[in-house]
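See structure below.
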Amino acid sequence: MATKPALATVSIEKYVELLRQLPAEAFDDVPRIEEFALQNPVDPATLERFLCWDAQHYTRNLIDHTDLYDLMAICWDIGQISSIHNHRGQNCWMSVPIGTLRVQNYRVISENVAEHRCEIVPTDVIDMTAERPVGVNPDHPVHSVENRREFNERAVSLHIYSKPFDSCVVYSDEQGTCGEINLHFTTKYGERSPRPARH
Ligand SMILES: [Fe+2]
82 MATKPALATV
92 SIEKYVELLR
102 QLPAEAFDDV
112 PRIEEFALQN
122 PVDPATLERF
132 LCWDAQHYTR
142 NLIDHTDLYD
152 LMAICWDIGQ
162 ISSIHNHRGQ
172 NCWMSVPIGT
182 LRVQNYRVIS
192 ENVAEHRCEI
202 VPTDVIDMTA
212 ERPVGVNPDH
222 PVHSVENRRE
232 FNERAVSLHI
242 YSKPFDSCVV
252 YSDEQGTCGE
262 INLHFTTKYG
272 ERSPRPARH
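FYI, the numbering for the sequence shown is 82 to 280, going by this note's numbering.
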């Protein structure tokens with residue numbers, strides 16, 4: 082049986098050039114950017130200068146910023162996992178040029194950030210790879226991302242956030258609590274940021 086030929090990769094520089102050519106309304110269209118990410122898999126070799134590894138925590142590395150979006154690479158060592166979080170009502174797309182990452186989605190039953198209380202329940206799971214980017218469903222935007230030990234390799238994901246945001250709500254499903262946190266970049270444009278990424 083013939084196997085499907087892999088799509089040709091593009092450099093991260095070309096990916097940015099193409100993203101910058103998209104009209105503003107494209108970033109309101111989740112399937113459109115998901116298709117863009119699917120059609121333009123990024124060549125991992127071109128990401129090297131943006132990558133930064135920390136044995137204690139995944140790192141967030143800004144690649145491009147415009148009024149419309151932030152593009153970042155997140156580096157996940159084996160076993161690293163994000164908090165369960167939302168996206169501040171903004172759209173988010175993820176693609177995974179290196180490795181595999183598991184997205185665990187949640188449904189929010191109730192949420193009161195001022196009182197730090199919530200009820201959320203796990204729903205579906207998606208394993209993202211280079212062939213499978215994901216546009217976050219704006220109706221169900223709460224999830225965690227994990228480089229599971231069983232995947233047994235480092236992973237790098239590219240995230241497009243539109244519009245950019247620098248805080249979000251994190252949740253604990255076990256404790257029924259939630260709260261707002263600030264987001265920081267470990268590096269910006271390949272240079273280490275003044276503040277370390279810890280949240
Ligand atoms: Fe996310």
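Glycine included, every Cβ here is placed at the ideal spot set by N, Cα and C. All values reported here derive from a predicted model rather than from experimental measurement.
L88 is classed as exposed because its beta carbon has fewer than 16 other beta carbons within 10 Å across all chains shown.
For E94, the number of other beta carbons within 10 angstroms of its own is below 16, and it is reported as exposed. In the pairwise beta carbon analysis, the stretch 226-233 is classified as touching the stretch 180-196: at least three pairs are separated by under 8 angstroms. Inter-residue distance for H146 and G160 is about 29 angstroms (C-alpha atoms, whole angstroms).
In this model, Y187 and R101 are separated by some 32 angstroms (Cα to Cα). V226 has its Cβ nearer than 7 angstroms to a heavy atom of ligand 1.
Taken atom to atom, the span from the alpha-carbon of N233 to that of P178 is near 16 angstroms. Counting along the chain, no beta strand (DSSP E) covers Y150, and no H or E run does either. Contact holds between the stretch 256-274 and the stretch 188-201, because three or more Cβ pairs, one in each stretch, are under 8 angstroms apart. Annotation for F266: R141, N142, L143, M153, S274, A278 place their beta carbon closer than 8 angstroms to its own, counting only its chain and skipping 5 residues before and after. In this structure, the alpha-carbon of E212 lies about 9 angstroms from that of A118. Residue pairing from DSSP places W157 in a beta bridge opposite A236. Of all alpha-carbon atoms in E261, M175, A236, S238, the one lying nearest the alpha-carbon of S248 is that of E261. Remark: the C-beta of H138 is outside contact range of ligand 1, defined as less than 7 angstroms to any heavy atom. C173 and Q137 have their C-alpha atoms roughly 25 angstroms apart.
Within the same chain, V250, C259, G260, E261 come within 8 angstroms of V194 by CB-CB distance, once the 5 residues on both sides are set aside. H166 has its Cβ nearer than 7 angstroms to a heavy atom of ligand 1. For Y242, the three-state secondary structure derived from DSSP is strand.
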